[in-house]
Amino acid sequence: MLLGGEQTRCFPESTAVPGAPEALSALRARGKRLGFITNNSSKTREAYAEKLRRLGFGGPAGPGARLEVFGTAYCTALYLRQRLAGAPAPKAYVLGSEALAAELGAVGVACVGVGPEPLQGDGPGAWLDAPLDPDVRAVVVGFDPHFSYMKLTKAVRYLQQPGCLLVGTNMDNRLPLENGRFIAGTGCLVRAVEMAAQRQADIIGKPSRFIFDCVSQEYGINPERTVMVGDRLDTDILLGVTCGLKTILTLTGVSTLGDVKSNQESDCMSKKKMVPDFYVDSIADLLPALQG
Numbered sequence: 001m002l003l004g005g006e007q008t009r010c011f012p013e014s015t016a017v018p019g020a021p022e023a024l025s026a027l028r029a030r031g032k033r034l035g036f037i038t039n040n041s042s043k044t045r046e047a048y049a050e051k052l053r054r055l056g057f058g059g060p061a062g063p064g065a066r067l068e069v070f071g072t073a074y075c076t077a078l079y080l081r082q083r084l085a086g087a088p089a090p091k092a093y094v095l096g097s098e099a100l101a102a103e104l105g106a107v108g109v110a111c112v113g114v115g116p117e118p119l120q121g122d123g124p125g126a127w128l129d130a131p132l133d134p135d136v137r138a139v140v141v142g143f144d145p146h147f148s149y150m151k152l153t154k155a156v157r158y159l160q161q162p163g164c165l166l167v168g169t170n171m172d173n174r175l176p177l178e179n180g181r182f183i184a185g186t187g188c189l190v191r192a193v194e195m196a197a198q199r200q201a202d203i204i205g206k207p208s209r210f211i212f213d214c215v216s217q218e219y220g221i222n223p224e225r226t227v228m229v230g231d232r233l234d235t236d237i238l239l240g241v242t243c244g245l246k247t248i249l250t251l252t253g254v255s256t257l258g259d260v261k262s263n264q265e266s267d268c269m270s271k272k273k274m275v276p277d278f279y280v281d282s283i284a285d286l287l288p289a290l291q292g
């Protein structure tokens, strides 16, 4: 079973969906393998695994343990390791978090650009004269609360160099918070860079197949015996449909049954792909069947 990390309220909330830890413990007791997939790039894989354990979800621990979490920071690192293989001292300009830079560094990709970067000088000429690192081979866009016009300008200049890759961790347009509030998601930042550079980014996270391939390569998944559980139609459910998995929508997050009905009745084929096989109010609703 693959679970969208967001639908457990593990990412970024500090409390789990009531009953979710017990449901997943029951699945483990029945010998089911679990994998958590999150589009959030603000933590390392190890940090997410520790958070899951702290919230009662269990999972492997200790040196050499095979972690169950697949975040976009980790999977972006795997992607760049493939694409930049053979490049001398590969380096990336990162619009993102320290965690994203740490995951890239773990596979040998050095990073520049993390943190605040205010405008330099008194006008466009000075902004365009700001020094660039000649070793940068990729621009990586993740969640970056320090996103700025200076960073956007530098990213575009790097992308004018031959062979420079543009990679986005995900295309989520909003990050939901408590009480119905939200903030702009990483997709907004990726789109800004794409538009300014007139380039299309390689996207790592859900619903891109690449993040599923990362899980599959580590676990040897059989799609016919795998279910994708999540609370977003446009990421979790679409990923499952794209990869040939059964899908379960949980109603603890972004998407509603009204959204499902709208997609079912739509004449647009892309929307028809965002319809789950099953739905539950919460993943905790699976617990009675597992205990029976």
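With the UniProt record's numbering, the residue at position 20 of the sequence shown is 20, and numbering never jumps.
A virtual CB, placed ideally from N, CA and C, is assigned to each residue, including glycine.
As a beta-bridge residue in DSSP terms, G35 pairs with L2. In this chain, the beta strand (DSSP E) harbouring P176 covers 174-176. Within the stretch 198-251, the runs of alpha helix (DSSP H) that reach at least 4 residues and sit entirely inside it are, in chain order, 209-219, 238-242. In the DSSP assignment, the residues bridged to G71 are T38.
Approximately 28 Å separates the beta-carbon atoms of A126 and L100; this is outside 8 Å, ruling out the contact. When C111, L84, A87 are compared, the shortest CA-CA separation from S97 is found for C111. Distance check between D144 and each of N170, M1, A77 places N170 closest, using alpha-carbon atoms only.
One alpha carbon belongs to A20, the other to C243, and they sit about 25 Å apart. Residue environment for M195: exposed (fewer than 16 other C-beta atoms within 10 angstroms of its C-beta). Boundaries for K91: no alpha helix (DSSP H) harbours it, while the beta strand (DSSP E) harbouring it runs 91-95, taken from the DSSP string. Here the alpha carbon of V227 sits roughly 17 Å from the alpha carbon of D281. Among the bridge pairs identified by DSSP, A138 is matched with A92, L165. Counting C-beta pairs closer than 8 Å gives fewer than three between the stretch 74-87 and the stretch 51-58, which falls short of the contact rule.
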